[in-house]
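Numbering (this note's numbering), first residue to last: 6 to 535.
Inspection log for the structure reproduced underneath, given as structure tokens.
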RNA sequence: GGCGGGGUAGCCAAGUGGUAAGGCAGGGCUCUGCAAAAGCCUCAUCCGUCGGUUCGAUUCCGACCCUCGCCUCCA
């Protein structure tokens, strides 16, 4: 069965076929162009944003697993109303004392401004775009191949708008802004409302139209170019369209087509982006008439559902608004967050909870423990994958990325391995096969190595003095064991041998205060980091 | 008001016209001097409610209840 993915355009799960099957990379792999709407960098991203980015990462990794060469593009929106407002607020605070050097913290960074200098849009957005990159890394998301910033694509944006104006799809208003005309677009036989069912008569769109959009001919029309206004400060570009800045939707059209061509395979984003953002992207991109005849702007649209936090919509007042660093501050790791985000189907609203994160930690420990034992048995070697497990895994993932089913396959497999390990029937060869299997699967979920996964095996391990045969102290953590801890383990061994169990238990308590757990295994004491 | 998702064990979450995956928590057990964040076993007569179709429905149809989202910046 081929890979099947839900396509918002058809509202159904359909086989995934590259738009240009004949395009291959040097290695002979079919190429896939994939664009995912990225962050607006005015603050830290929250866990909901990252659900979408982890989802995009999963799509990319699974396509790669399936043998495609993916080019992954994600935009960084670095000019936008909220950004401009934040920069301007900051600058009006600074303006009170323009004669001296100003220093203030911004996000994770410290900004220093010389006398007379103001915070620039670029400096401001770089702080949060850097933070975004760090969060992506923490969640083990592969960096997209291209991370275009809107401000670097002004010429392409302007060119696209001019094309739309030339084709009569867009009009200039008296203030100098340019709007896209949905009526003209539909008049050319194009369909507006491909991603959502729109009933223009029943829409309550008139009720909540922002008051500053009075220049539009029709309420559904949207801004391509916003003419410069005083509040923009020095955030404007001098272009053939006049002074101003791009609207929001147009940057994605301009950048995606600049990097992936006028027609490409996949476009992803959060479910809220389907309308109006993605709908408008289609209108702009196809309205410009740059595709070859019969080709769509995007073949396959995918949308990730939102998440709830502790059963509620995230909100600061409810205290359930989490950024990635809020969670790491609470002691959770990137892999735990990633695992939890990858535990539910992407089109299902997911309830993200702290208890779920705790559960993720335990589940991951079970996985780590199993892989660690396999490493010990196979001495880290791996051969070929277990075809039965790989087939079950692939068939689950082929079914519109059914990660829940895929994890069930993995945990069933872990249980059966544990049974064999416990009964001493797992051969070195079995372990090598199992490790190869995990190696493949892990490339998709990319759950970073846990403690025992990286554990030092056999060679180099220190042994308890004067034991014959030597009893090794097993390191089940991913950091070196301190000398102090080694000494305590040796003392505990001596106490146990002398049947001074009170002393042995006391030492276990001491180790715990030092952050180490000791488990007595058949091979020797095993240390894990608390 | 229009459109679109959901409601499955204490919690999270798959799934099927033929009698309920997986994870966490809970319970039991094993190894152990004792332990373990070690391992194994166990844990829903039942899938929002009420009707209907069917030999048989949690799965199909209808109604209703509840809930979330989009229609406006938003992952």
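Here a beta-carbon is modelled for each residue, glycine too, at the ideal position from N, C-alpha and C.
Using alpha carbons as the reference points, say which of the options lies closest to residue i.
i: residue 528; options: 353, 500, 490, 472; result: 472
i: residue 269; options: 276, 275, 260, 277; result: 260
i: residue 144; options: 72, 60, 94; result: 60
i: residue 2; options: 485, 86, 254, 331; result: Residue 2 is absent from the model: the chain starts at 6 and stops at 535.
i: residue 177; options: 438, 139, 245; result: 245
i: residue 243; options: 98, 163, 34; result: 163
i: residue 2; options: 69, 9, 50, 14; result: With the chain running from 6 to 535 in the structure shown, residue 2 is simply not present.
i: residue 8; options: 401, 447, 286; result: 401
i: residue 188; options: 180, 175, 392; result: 175
i: residue 173; options: 161, 199, 190; result: 190
i: residue 408; options: 421, 369, 449, 425; result: 449
i: residue 222; options: 247, 182, 375; result: 182
i: residue 586; options: 382, 118, 521; result: Because the chain is modelled from 6 through 535, residue 586 falls outside the range shown and cannot be assessed.
i: residue 93; options: 74, 55, 47; result: 47
i: residue 340; options: 146, 113, 79, 75; result: 146
i: residue 54; options: 393, 193, 165, 343; result: 343
Would you give the residue range spanned by the beta strand (DSSP E) that residue i belongs to?
i: residue 9; result: 9-12
i: residue 243; result: 242-244
i: residue 118; result: 114-118
i: residue 228; result: 227-232
i: residue 107; result: 107-111
i: residue 356; result: 355-357
Could you tell me whether the Cβ atoms of residue i and residue j are closer together than 8 Å?
i: residue 41; j: residue 274; result: yes
i: residue 227; j: residue 197; result: no
i: residue 124; j: residue 115; result: no
i: residue 396; j: residue 442; result: no
i: residue 10; j: residue 25; result: no
i: residue 336; j: residue 481; result: no
i: residue 63; j: residue 406; result: yes
i: residue 200; j: residue 306; result: yes
i: residue 425; j: residue 435; result: yes
i: residue 254; j: residue 272; result: no
i: residue 532; j: residue 523; result: yes
i: residue 345; j: residue 362; result: yes
i: residue 251; j: residue 159; result: yes
i: residue 225; j: residue 247; result: no
Between which two residues does the alpha helix (DSSP H) harbouring residue i extend?
i: residue 254; result: 253-265
i: residue 433; result: 433-450
i: residue 123; result: Counting along the chain, residue 123 falls outside any alpha helix (DSSP H), and DSSP gives it neither H nor E.
i: residue 347; result: Here residue 347 belongs to no alpha helix (DSSP H), and DSSP marks it neither H nor E.
i: residue 399; result: 392-403
i: residue 99; result: 86-99
i: residue 406; result: Run containing residue 406: none; DSSP gives neither H nor E here.
Taking only the alpha-carbon atoms, compute the straight-line gap between residue i and residue j and give it to the nearest angstrom.
i: residue 415; j: residue 384; result: 21 Å
i: residue 496; j: residue 512; result: 8 Å
i: residue 237; j: residue 27; result: 47 Å
i: residue 291; j: residue 386; result: 52 Å
i: residue 134; j: residue 81; result: 8 Å
i: residue 463; j: residue 263; result: The predicted position of residue 463 is uncertain, since its pLDDT is 36 and thus under 50; a value taken from the coordinates is nonetheless stated next. Each residue's Cα considered, the two are about 53 Å apart.
i: residue 154; j: residue 65; result: 21 Å
i: residue 423; j: residue 152; result: 43 Å
i: residue 321; j: residue 327; result: 9 Å
i: residue 6; j: residue 71; result: 12 Å
i: residue 404; j: residue 16; result: 15 Å
i: residue 36; j: residue 258; result: 20 Å
i: residue 120; j: residue 304; result: 52 Å
i: residue 310; j: residue 277; result: 8 Å
i: residue 350; j: residue 489; result: 46 Å
i: residue 427; j: residue 526; result: 12 Å
i: residue 487; j: residue 369; result: 25 Å
i: residue 506; j: residue 324; result: 47 Å
i: residue 131; j: residue 367; result: 37 Å
i: residue 355; j: residue 476; result: 47 Å
i: residue 508; j: residue 500; result: 6 Å
i: residue 89; j: residue 137; result: 19 Å
i: residue 83; j: residue 156; result: 7 Å
i: residue 498; j: residue 447; result: 37 Å
i: residue 3; j: residue 78; result: Past the edges of the chain, shown from 6 to 535, lies residue 3, and the structure says nothing about it.
i: residue 299; j: residue 19; result: 19 Å
In chain order, each beta strand (DSSP E) run of at least 3 residues that lies wholly inside the segment 480-531: If only complete runs of 3 or more residues are kept, the segment 480-531 shows the beta strand (DSSP E) at 521-525, in order along the chain.
Start-end ranges of the beta strand (DSSP E) lying completely within the segment 6-79, minimum 3 residues: You should have 9-12, 17-20, 36-41, 74-79.
Contiguous beta strand (DSSP E) assignments of at least 3 residues, all confined to the segment 268-339: Within the segment 268-339, the complete beta strand (DSSP E) runs of at least 3 residues are 269-275, 303-309, 312-314.
Start-end ranges of the beta strand (DSSP E) lying completely within the segment 143-202, minimum 3 residues: Here the runs fully enclosed are 175-177, 183-185.
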